[in-house]
Each structure stands twice: as C-alpha cells, then as structure tokens.
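Undergrad:
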Amino acid sequence: MGSKPHHAPAPTMVAQVNPPVHVWVMPPTRTPRLLLRAYRPSDRREFLDRLTDASEQLACWLPLHRPGETDDQVFERHLAESVAAAGRCWRRAVQDDEGRLVGGVNLINIRRGMTFEADANWWIAPEFQRRGFATEAVQALVDIALADPPAGLGLHRVNAMITGANEPSRRLAERLGFRRLAESAACVAMGGVPVAHHLYARTCA
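Just so we're aligned, residue 0 is where the sequence shown starts under numbering that gives the first Met the number 0, counting upward by one.
1. Please go through the stretch 39-95 and give each complete beta strand (DSSP E) segment of 3 or more residues, from N-terminal end onward.
2. Between the Cα of Leu198 and the Cα atoms of Ala185, Val192, Ala204, which residue gives the shortest distance?
3. For Arg170, which three-state DSSP category applies?
4. Quick check: the Cα distance between Asn158 and Arg179, rounded to an integer number of angstroms?
5. When DSSP labels each residue in this structure, what does Val194 get in the three-state scheme?
6. Per DSSP, what kind of secondary structure is Phe132 in: helix, strand or coil?
7. Cutting at 6 Å between CB atoms, please list the residues of its own chain near Leu50, excluding the five before and the five after it.
8. How about the stretch 28-42 and the stretch 91-106: do they share at least three Cβ pairs that are nearer than 8 Å?
9. Any idea what DSSP makes of Leu33, helix, strand or coil?
10. For Arg44, does the count of other Cβ atoms within 10 angstroms reach 16, so buried, or fall short, so exposed?
11. Which class does Asp118 belong to by DSSP, given the choice of helix, strand or coil?
12. For Ile109 versus Ala117, is the C-beta spacing smaller than 8 Å?
13. Assuming Gly163 and Arg201 make a contact with CB atoms under 8 Å, what is their CB distance in whole Å?
14. Just checking, does the stretch 125-132 make contact with the stretch 60-70 on the three C-beta pairs under 8 Å criterion?
15. Please go through the same chain and pick out, in chain order, the residues whose beta-carbon is closer than 6 Å to the beta-carbon of Val73, but skip the five residues on each side of it.
16. I'd like the list of long-range same chain contacts for Ala53, defined as Cβ closer than 7 Å, with 5 residues on each side in sequence excluded.
17. If you drop the 5 nearest sequence neighbours on each side, which residues of the same chain put their C-beta closer than 7 Å to that of Gly153?
18. Going by CA-CA distance only, name the one from Val137, Arg174, Arg111 that's closest to Ala87.
19. Quick one: using the 10 Å Cβ neighbour count with 16 as the cut-off for buried, is Ala172 buried or exposed?
20. Per the DSSP calculation, Val157 is bridged to which residue(s)?
Rendered as structure tokens:
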C-alpha cells in the first residue's frame, strides 16, 4: 500500500486585537472665583447672548466665526470641540461663582511633534470685564496646558498671537509670563483684512 500523502497543518490565523485606547476626560477646573468646564447644550442661549454682547470686541481682537458661520454654528463647533482633551482643540466655557457664563478660553492647533505646543486665545463678555476674570481664567488655561498628564495636556509651549492695539491682552500675557518673541510680527486676517500681530510664548519650567 502506498503511504498516505502528508498534509502540513493549515496555518492558524490569529486575529490581532489592539488594546482599547483610553481617553481620559479632564474634569472641570476650579479657580478661586471661576469654573472652566466643557460646553453643554444648555449653554446655547447664554453663549449666543454673550457672543452678541462681545461682537464688536471680538471682531477687532478675536474673530470666533469662520467664514460664513452663523452664531449657532459657532456654538455647535465650540460644543463639539470641548468634549475631550485629546485632539487638535481644547475649548472651555468660563463660568463665574454665580453660575453665569462669562466667556471662554481656547487652545487650538494643538501640535505634538518635535515639540508639543498650541495656540491660546481667550475672551470675556464686556459686562464681566475689569474684574480680573481673564487673568484668572488664562492662568488656569496655561497651568492645564503645561502640566503633565493626567492633570494637564503635557504641552511644552503655549503661544498667543496678539495685535499691538490689544493693550489689555498684551498686559495680561506679560503678567502671566508670556514673552514677546523678537521679530515675530505676522499678519493675521481679521474680517478679511490683514492685521499685524506679535507672537507671545509661555514655556514649561
């Protein structure tokens, strides 16, 4: 009798299962008088009211609208981009100790390459200005940005582009340790018009 042909065992296909990625959601941040937290759907009406109140200042210093965006679309974008700390944007509503939304702080264009950095901006509605809220909120924003995870985002540098005419924001940035970088002037389009800005930076210790 001839021997039975020998068949090599069929290779076993093993499915590679990647471990789940855990995204740590940063809790709200408390300061002596403020709460920095993610936006909520219930913030819509108050956000739109504050946006209207601050429209002239925002048009001059910090256009929040992208071309063609309505106020409602600005809110929807802020709501979506404040859900998680991971990603390219980190947005927080600023709420006072009476529960009122007084403005917002943002980290945008988060980059994680040779260096970890982001661009910061901030705004406080006119009726809540001159109370030190901006200083308190931006200090908290910088602390979060530069702190190591899980307490913060682990960035190495926070940048702020500030027009020379925006004296309050320039003074605020300098008080909080931002340095104006030499020969860093750049034009940023605001309302379709190029406006000269200076780059300020704050680095981790």
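Using N, Cα and C, we set each Cβ at its ideal position, and we do this for glycine too.
In this text, all values refer to a predicted model and were calculated from it rather than measured experimentally.
TA: On the basis of the data shown:
1. 89-95
2. Ala185
3. helix
4. 10 Å
5. strand
6. helix
7. Asp70
8. yes
9. strand
10. exposed
11. strand
12. yes
13. Not really, about 19 Å apart at Cβ, beyond 8 Å.
14. no
15. Leu63, His64
16. Trp122, Ala124, Pro125
17. Phe115, Asp147
18. Note on residue identity: the sequence assigns Arg, not Ala, to residue 87. Checking every option, the nearest Cα to that of Arg87 belongs to Arg111.
19. buried
20. Ala117, Arg201
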